[in-house]
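S.K.: Numbering (our numbering), first residue to last: 1 to 65.
Below is one structure. I have some questions about it.
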Amino acid sequence: SISDVTPLGGLKNLRSLHLDVNRIKDPSPLYGLRNLNRLSITSNRITDEDKEKLKRALRKCKISF
């Protein structure tokens, strides 16, 4: 399972990303992925506060928590 998404932060052209059922606590490396239009990140360890930050960072992205 994945706990660190830092390596994904550089993949600026990603349009869809599925990270369900992992151990992710810190989604901040994903904030710069402005081309994402779909992110599925259910069943992880992300706080409600960090979920809100992710929504604000990726306003055009449909996110499933």
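Positions of the beta carbon are idealized from the N, C-alpha and C atoms, including for glycine.
Keep in mind the model is a prediction, meaning the values are calculated, not measured.
#1: Only counting the same chain, and skipping five residues up and downstream in sequence, which positions put a Cβ closer than 8 Å to that of Arg-23?
#2: Opposite Leu-39 in the DSSP bridges: which residues?
#3: For Pro-7, which of helix, strand or coil comes out of DSSP?
#4: Can you name, in chain order, every residue of its own chain whose Cβ lies under 8 Å from the Cβ of Asn-37, other than the five neighbours on each side?
#5: Pick from Thr-47, Leu-19, Gly-9: whose alpha carbon is nearest that of Asn-35?
#6: Give the DSSP-derived three-state secondary structure of Asp-50 in the structure shown.
M.R.: In short, the structure shows the following:
#1: Ser-1, Ile-2, Ser-3, Asn-44, Arg-45
#2: Leu-17, Ile-63
#3: helix
#4: Arg-15, Ser-16, Lys-60, Cys-61, Lys-62
#5: Gly-9
#6: Here Asp-50 sits in helix by DSSP.
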